[in-house]
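Presented below is the structure to which this report refers.
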Amino acid sequence: MLKKGQQFFLFSLSILLFLSPLLSQTKESWLKLERKGKGYGYDHIIVEDLNNGNIKYRVDHTIKTDIAGFNPQDITQKGHYIVDGNMNPVSFDLQINFKSKETRINGECRDGTLFLTRQVNAEESRILEIPFDDVYFEVVLGNIIFQRKDQGIFKLKVFNPVEAKVNSYDVEVLPDDRGGIIAKVRERITMIFYIDKKGLVKQIKFVELNSRSYVTSARNARNINYLNTSDGLTLTVLCKPQFPNVWDINKAQVSIKWKGIPFEQFQFTDNRQKAIETVQNGDEYEAVLEINKPLSQPDQVMLPIQDEKFALFLEDSEFIKPSDPAIRRQAIEIAGDEKDALALVKKILLWVYENIGTEYLAETLSGPEVLKRKRGKCVEFSTLFASLARAAGIPTRVAFGEALNGQNWVGHMWCEVWLGDWIAVDAASGILVESPSHLKFIDSPTVMGTQRIRWKLVDNLSIEVLTFQK
Numbered sequence: 161m162l163k164k165g166q167q168f169f170l171f172s173l174s175i176l177l178f179l180s181p182l183l184s185q186t187k188e189s190w191l192k193l194e195r196k197g198k199g200y201g202y203d204h205i206i207v208e209d210l211n212n213g214n215i216k217y218r219v220d221h222t223i224k225t226d227i228a229g230f231n232p233q234d235i236t237q238k239g240h241y242i243v244d245g246n247m248n249p250v251s252f253d254l255q256i257n258f259k260s261k262e263t264r265i266n267g268e269c270r271d272g273t274l275f276l277t278r279q280v281n282a283e284e285s286r287i288l289e290i291p292f293d294d295v296y297f298e299v300v301l302g303n304i305i306f307q308r309k310d311q312g313i314f315k316l317k318v319f320n321p322v323e324a325k326v327n328s329y330d331v332e333v334l335p336d337d338r339g340g341i342i343a344k345v346r347e348r349i350t351m352i353f354y355i356d357k358k359g360l361v362k363q364i365k366f367v368e369l370n371s372r373s374y375v376t377s378a379r380n381a382r383n384i385n386y387l388n389t390s391d392g393l394t395l396t397v398l399c400k401p402q403f404p405n406v407w408d409i410n411k412a413q414v415s416i417k418w419k420g421i422p423f424e425q426f427q428f429t430d431n432r433q434k435a436i437e438t439v440q441n442g443d444e445y446e447a448v449l450e451i452n453k454p455l456s457q458p459d460q461v462m463l464p465i466q467d468e469k470f471a472l473f474l475e476d477s478e479f480i481k482p483s484d485p486a487i488r489r490q491a492i493e494i495a496g497d498e499k500d501a502l503a504l505v506k507k508i509l510l511w512v513y514e515n516i517g518t519e520y521l522a523e524t525l526s527g528p529e530v531l532k533r534k535r536g537k538c539v540e541f542s543t544l545f546a547s548l549a550r551a552a553g554i555p556t557r558v559a560f561g562e563a564l565n566g567q568n569w570v571g572h573m574w575c576e577v578w579l580g581d582w583i584a585v586d587a588a589s590g591i592l593v594e595s596p597s598h599l600k601f602i603d604s605p606t607v608m609g610t611q612r613i614r615w616k617l618v619d620n621l622s623i624e625v626l627t628f629q630k
């Protein structure tokens, strides 16, 4: 069973928090964020003309989320952005608060570079220099789209303060019969901007998430409540028919159905699982997965594993940090004199399972942050395990899909390690995955790499067990 009964995967609702304030409006605007008609977030934006010709955007954003009904929490961003009269970035200063993480981030743009200072939980500041040519702050994206509307199709580079990096947006502009424009903007999700003929954004629809942000009154904007993410964001799907005991199943065939995501964006194969049939009917897709319990233990592989083809699976990334000193010390302590890769994988799995508690956080923590906090959801178990395993010289990647939890399939993240083949392991359960308890959809050397299909599956997934054998 999954760690302490449940282990939900939600990759940070900040994707909505920091897409919502893309509405650059009049001198003061209130916006409401809602999903399926239920308000759970708001944005308050005040625009001020400065004496030097620059423009200041004061921002106050809040999202209320309850991770699958287990952990209500507020996510907030407060501060300001300053741009020049052409909407080019000048500086910004923000305080971003999640339940377990308070981040102060500020920066100044000079000569095509953003000089950024980032401090998390009042610890030592981190200084970054980010190339910033032709990059815009999120808060003025609506303005920029309207300015460039005659280009039709173009790309925009936009700074994301949560990730402290620049993301690329694909923009397609279409005329509106009322004289305004409709702009389709794609990054991880698809956004549709509705902009009137004066250039004011009235609404943004977040297509895959069945959500929207729209201009309204202050009273209505603040009339919100906690969003229970089990309404679809956590990809919870009833398992039917039920397995009698999934751990006793040696072979199963499972049908997965969805819309609008080409087969080539999935990676269904691991050491237990393969797609034996794929069917496409217009925009509708189905894959039949066959899952077989491995017949034998993985081959013995001795450490260290130094083949250059595994470089991506041994290096640092945004959340996986094998080079962190605390991670390296812990990996050495766990490993001792062990040189057998499989034996060490089992030791790391057991250590993470026994030493990390479950907490349903909206944010995503890095491996070192999990090691310090000792709590998290499935993604945190994965970032810590991957950090420790890579520090020990074991190539490791992350996998995303569905895991069986009681009567439901639930969106979940786990890892795969190279032991002569890619072997599925789940630190949240402390196991080598051998049963049809996990259905893999995608793998990647990075957490972010699993996200290209994750949000597209919201309200867009059905699963049916076709056959099984003990």
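Start counting the sequence shown at 161; every next residue gets the next number (my numbering).
Glycine included, each C-beta is placed from N, C-alpha and C at the ideal position.
Near residue i, what residues of its chain come up, given a Cβ to Cβ distance below 6 Å and the 5 sequence neighbours on each side ignored?
i, result
"N392", "Going by the sequence as given, residue 392 is Gly instead of Asn. Hits under 6 Å: V618, D619."
"G646", "There is no way to answer for residue 646, as the model of the chain reaches only from 161 to 630."
"K411", "N452, Q629"
"E188", "I206"
"I175", "Confidence at I175 is low in this model, with a pLDDT of 48, below 50, so its placement is unreliable and the value that follows should be read with caution. Taken in chain order, the list of residues that qualify is empty."
"M161", "Confidence at M161 is low in this model, with a pLDDT of 42, below 50, so its placement is unreliable and the value that follows should be read with caution. None."
"V550", "Note on residue identity: the sequence assigns Arg, not Val, to residue 550. Closer than 6 Å at Cβ, skipping near neighbours: L474, P482, T556."
"G566", "none"
"F230", "Y520"
"K616", "E368, I421"
Might you give, ordered along the chain, the residues of its own chain that have their beta carbon closer than 8 Å to the beta carbon of residue i, omitting 5 neighbours on each side?
i, result
"T376", "W190, L191, K192"
"N214", "I242, V243, D244, G245, V250"
"I227", "F168, L170, Q233, T389, T394, Y520, L521, A522, K537"
"F428", "K434, A435, A447, L449, K600, F601"
"T350", "K344, F366, V367, E368"
Which of the three DSSP states is assigned to residue i in this structure?
i, result
"V367", "coil"
"Q402", "coil"
"R346", "strand"
"L288", "strand"
"R488", "helix"
"T389", "helix"
"E283", "coil"
"K532", "helix"
"D220", "strand"
"L599", "strand"
Where do the ends of the beta strand (DSSP E) carrying residue i lie?
i, result
"Q425", "From DSSP, Q425 is part of no beta strand (DSSP E); its letter is neither H nor E."
"A435", "433–441"
"G239", "232–243"
"L504", "Taken as a continuous stretch (DSSP letters only), L504 belongs to no beta strand (DSSP E), being part of the alpha helix (DSSP H) at 501–515."
"P249", "249–257"
"F470", "Note, F470: premise wrong, no beta strand (DSSP E); not H, not E."
"M573", "568–578"
"K411", "411–419"
"Q629", "622–629"
Does the beta carbon of residue i sit closer than 8 Å to a beta carbon anywhere in chain D?
i, result
"A435", "This model lacks chain D altogether; it includes just one protein chain."
Buried or exposed: residue i, going by 16 or more other Cβ atoms within 10 Å of its Cβ?
i, result
"E424", "exposed"
"T389", "buried"
"G267", "buried"
"L626", "exposed"
"K224", "buried"
"G272", "exposed"
Following the continuous alpha helix (DSSP H) through residue i, name the residue where it begins and the one where it ends.
i, result
"Q611", "611–614"
"Q307", "301–307"
"A381", "378–381"
"P335", "Not the alpha helix (DSSP H): P335 falls in the beta strand (DSSP E), residues 325–335."
"A551", "538–551"
Considering only residues of the same chain and omitting the five flanking positions on each side of residue i, which have a CB-CB separation below 7 Å?
i, result
"V530", "I516, G536, E540, T543, L544"
"E498", "L504, K507"
"N383", "G199"
Is residue i close to the ligand GDP? I mean its beta-carbon at under 7 Å from any heavy atom of the ligand.
i, result
"A486", "With respect to the ligand GDP, the structure offers nothing, as it holds no ligand at all."
### Task
Indicate whether the contact test is met: 3 or more Cβ pairs, each with one atom in the region 400–410 and one in the region 582–599, closer than 8 Å.
yes
### Message
With a threshold of 8 Å, are at least 3 pairs of Cβ atoms found where one atom belongs to the region 514–527 and the other to the region 462–482?
### Response
yes
### Query
Is the number of C-beta pairs between the region 281–294 and the region 330–337 that are closer than 8 Å three or more?
no
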